[in-house]
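Per my numbering, the sequence shown starts with residue 111, numbered consecutively.
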Amino acid sequence: MINFLTKSLSLEIVNFLSFLKRKEIPQKSFSKSAFAQARKKIKPEVFSYLNEKLTEEFYTDNSAVKTRFSGKRILSVDGSRLTLPRTWELEEIYGRTKNQTETYIIQGKACVLYDVLNRIAIDGVLSSVDTDERIQAKQLLNSCRKRDLLIYDRGFASFDFMYEH
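And the structure:
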């Protein structure tokens with residue numbers, strides 16, 4: 111799941127098992143169904159934790175990290191709507207998005223803190239589609255450092271938001 115799956119699930123499982131075999135890591139065979147069932151048991155917080163640790167490691171003693179303007183990281187923040195699978199669990203959390211018909215979809219609003227020069231997502235939040243992106247961006251400030259330069263689009267401008275910085 112972390113490897114950004116681009117092939118069919120069957121091929122991805124075969125490739126993963128081949129990788130384990132090359133590394134001489136003992137493995138068991140499993141089916142697509144078993145993978146899908148196990149995937150549902152993973153808590154979403156695992157991915158936040160892994161991203162936090164990977165990002166932390168990336169910026170620790172890494173001579174390849176790019177900076178500008180006296181060592182500042184150049185970070186951008188932007189939000190977008192994501193269409194989510196149509197399940198009752200996600201509908202309970204994120205609600206429905208409708209147009210003028212009775213048809214609806216489940217959508218969430220994502221907001222991401224991104225290192226522009228190093229092309230790495232530092233942090234992100236997923237909220238109800240009704241959530242103001244400034245509220246989401248304020249949550250991302252915990253992942254910023256004192257000397258970071260943050261770039262926002264015009265939708266973020268407000269006196270309250272500037273005060274938070």
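Yeah, the Cβ is synthetic: ideal placement off N, Cα and C, and Gly gets one too.
Excluding sequence positions up to five before and after arginine 206, its CB lies within less than 7 Å of the CB of Tyr214, Ile216, all in the same chain and listed in chain order.
Here isoleucine 232 is not near threonine 170, since their CB atoms are 8 Å or more apart. Comparing alpha-carbon positions, the option among Val239, Pro136, Asp242, Arg178 lying closest to leucine 260 turns out to be Arg178. Proximity to glycine 189 across Leu160, Cys254, Cys221 peaks at Cys221, based on C-alpha coordinates.
Only exposed fits glycine 265, as fewer than 16 other CB atoms lie within 10 angstroms of its CB. By the Cβ-count criterion, leucine 250 is buried, with 16 or more other Cβ atoms from all chains shown falling within 10 Å of its own Cβ. Contact annotation, arginine 257 with lysine 182: C-beta distance approximately 5 Å; criterion of less than 8 Å satisfied. Assignment of beta-bridge partners to arginine 191 by DSSP yields Lys219.
Note: aspartate 225 is bridge-paired with Leu185, Ile230 in the DSSP secondary-structure output. Note on geometry: alpha-carbon atoms of serine 118 and aspartate 270 lie some 47 Å from one another. Counting along the chain, the unbroken beta strand (DSSP E) around leucine 260 starts and ends at 259–261. Beta-bridge partners of tyrosine 214 (DSSP): Lys208. DSSP, reduced to helix, strand and coil, places serine 238 within a strand of the structure shown.
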